[in-house]
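Colleague: Structure provided below as structure tokens; questions to follow.
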Amino acid sequence: MKIQLKHIVLSSLSVLITCVGYGQTNVPFISIDYQAEYIVNKGRLSGAYSSKYSNGNSKATGQLINGFKYGEWKLYDSTGTLVLHRLYNAPFQFRQIFPEQAEAEPAYNLQYNDAGYIPYFEFEQKNIKWSKRVWRNIEETDNEELFKKDRLFKLFCDLADKNSIQLYSAQNDEFTDELEYKQEKFKSISPIRCQIKEDVFFDTDRMEMETRIIGICPVAAINGKDQELFWVYLSDIREHLAKHDIKSDFWERIKTFDDLFFFRDFASSIYKESNHNGKPIEAYKQSDEIALEAERIEMAIINKEIDLLLSLAR
């Protein structure tokens, strides 16, 4: 799938799995050719991660925060031989221990610009080894800052009312049909969740997977039915999100709405991917299989990055 520079702007392997309740949960996952174990903390993929080959040998060990690799990561081939060893001190920033590399400046520095947000890395299309489009639901559970007093939704409405941002029709998610904001239509609405559209891609320039959110769509229950209200194109509103302070009990880096989305400090679940002709999971899986399929996609993304790193590090 070709990366579209206008309609997608894609943040690191950020996989966040919805979990009922609070606290940490150890989760095992078994696939045909590998098995993994990870920790869900308040709906976020944060904690120890490990995987094994089908022969029982270790494949990967490391730590995650909001799906970002942190601390020590080791990757092995199927014989148990160490192939890659890195130390991460921040998202996208690491020191490679093995194979040994000369010290160098990170390809991507997480520095805030004058508008108060961290600009995206400017990748080159030729360096994109693999990509996938994903759609997620962000529910109220474990996402207090997004839904408390409808802060995010009211911010969108206020900015649209002032003509500071453009809203797009929810008839599709291509950001092609502009929507005129009408205060009377939205003033009494309280969203029950948000949908996000995002792209995951592996960049050989940085030797890292990244996930970037393209857009956000509030969803409300109207006359007994869930209704998508409008889409906002995230890249166009980041400077506004950066002006609104929030507090995160989970990660000290999160200080604004833009930080929350950039560092992916939210719980979510996948409801659609670019495979299956763009059909949502519920269209090809039974109701009791939907959560398992969402988990399979999450784990497949992590495993894909590990496979790419193993193949390219040799």
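For my numbering, add 7 to where a residue sits in the sequence shown, where the first one is 1. Beta carbons: idealized from backbone N, C-alpha and C, even for Gly. Quick caveat, the model's predicted, so the values are computed rather than measured.
1) Can you have a look at Gly50 and say buried or exposed, based on whether 16 or more other CB atoms are within 10 angstroms of its CB?
2) Going by DSSP, what residue range makes up the beta strand (DSSP E) through Leu315?
3) According to DSSP, what are the bridge partners of Asp252?
4) Quick check on the burial criterion: 16 or more other C-beta atoms within 10 angstroms. Buried or exposed for Asn48?
5) Output yes or no for whether 7 Å exceeds the beta carbon distance between Ile135 and Phe208.
6) Output the boundary residues of the alpha helix (DSSP H) element that contains Glu151.
7) Going by beta-carbon coordinates alone, are Ile313 and Ala67 separated by less than 7 Å?
8) Considering only the beta carbon of each residue, do Tyr45 and Tyr56 sit closer than 7 Å?
9) In chain order, what residues of the same chain have a beta carbon less than 6 Å from the beta carbon of Leu319, not counting five sequence neighbours either side?
10) Exposed or buried, Asn73, counting other C-beta atoms within 10 Å across all chains shown (16 or more means buried)?
11) With distances taken from CA atoms, which of Gln42, Gly222 and Trp80 is nearest Gln100?
12) Where in the segment 130 to 216 do unbroken runs of the alpha helix (DSSP H), each at least 4 residues long, occur, reported from the N-terminal end onward?
13) Note down the Cα distance separating Glu147 from Gln173, rounded to an integer number of angstroms.
14) Which whole-angstrom value is the C-beta distance of Leu316 and Leu82, which I expect to be below 8 Å?
15) Can you list, in chain order, the residues of its chain with a C-beta nearer than 6 Å to that of Glu181? Leave out the 5 residues immediately preceding and following it.
16) Nearest by alpha-carbon distance to Lys232: which of Tyr278, Lys192, Ile199 and Ser276 is it?
17) How should Thr183 be labelled, buried or exposed, when 16 other C-beta atoms within 10 angstroms of its C-beta is the threshold for buried?
18) Pick from Lys279, Leu166 and Ile104: whose alpha carbon is nearest that of Leu89?
19) Any idea if Asn150 is buried or exposed, counting beta-carbon neighbours within 10 angstroms, 16 or more meaning buried?
20) In chain order, what residues of the same chain have a beta carbon less than 6 Å from the beta carbon of Tyr29, not counting five sequence neighbours either side?
21) Got a sec? Which residues, its chain only, sit under 8 Å from Cys224 by beta carbon, not counting five neighbours each side?
22) What does DSSP give as the partner residue(s) for Thr32 in the beta ladder?
23) May I ask which residues mark the beginning and end of the beta strand (DSSP E) holding Gln323?
24) Using a Cβ-Cβ cut-off of 6 Å (strictly less than) and excluding sequence neighbours within five positions of Tyr124, which residues of its own chain qualify?
25) Taking all protein chains shown into account, decide if His247 is buried (16 or more other Cβ within 10 angstroms of its Cβ) or exposed.
26) Inspect the beta-carbon positions of Lys292 and Glu300 and report whether they are closer than 7 Å.
27) Distance check for Lys169 and Arg321, CA to CA, integer angstroms please.
28) Using only the alpha-carbon positions, how far apart do Val141 and Ile221 sit?
29) Report buried or exposed for Ile304, applying the criterion of at least 16 other Cβ atoms within 10 angstroms of its Cβ.
30) Taking the beta strand (DSSP E) that Arg93 belongs to, which residues open and close that run?
Modeller: So, from the listed chains and residues:
1) buried
2) Here Leu315 belongs to no beta strand (DSSP E); instead the alpha helix (DSSP H) covers Ile297 to Leu319.
3) In the DSSP output, where bridge partners are listed per residue, Asp252 has Thr263.
4) buried
5) yes
6) Glu151 to Phe154
7) With contacts defined as CB atoms closer than 7 Å, Ile313 and Ala67 qualify as a contacting pair.
8) yes
9) none
10) buried
11) Trp80
12) 151 to 154, 158 to 168 and 190 to 193
13) When rounded, the distance between both Cα atoms is 25 Å.
14) 6 Å
15) A distance below 6 Å between beta-carbons, with the five flanking residues on each side excluded, links Glu181 to no residue of its chain.
16) Answer by Cα proximity: Ile199.
17) exposed
18) Ile104
19) buried
20) Residue confidence is low: Tyr29 scores 46 on pLDDT, short of 50, so the model does not pin down where it sits. No coordinate-derived value is stated.
21) Taken in chain order, the residues that qualify are Ala177, Asp180, Cys201, Gln202, Ile203, Lys204, Glu235, Leu236, Phe237, Trp238 and Val239.
22) Val47
23) Summary: the structure shown does not reach residue 323, with the chain confined to residues 8 through 321, and so no result is reported for it.
24) Around Tyr124: Arg245, Ala249 and Asp265.
25) Counting the other CB atoms within 10 Å of its CB gives His247 a total of 16 or more, which places it among the buried residues.
26) yes
27) 54 Å
28) 10 Å
29) Only buried fits Ile304, as 16 or more other CB atoms lie within 10 angstroms of its CB.
30) Leu89 to Ala97
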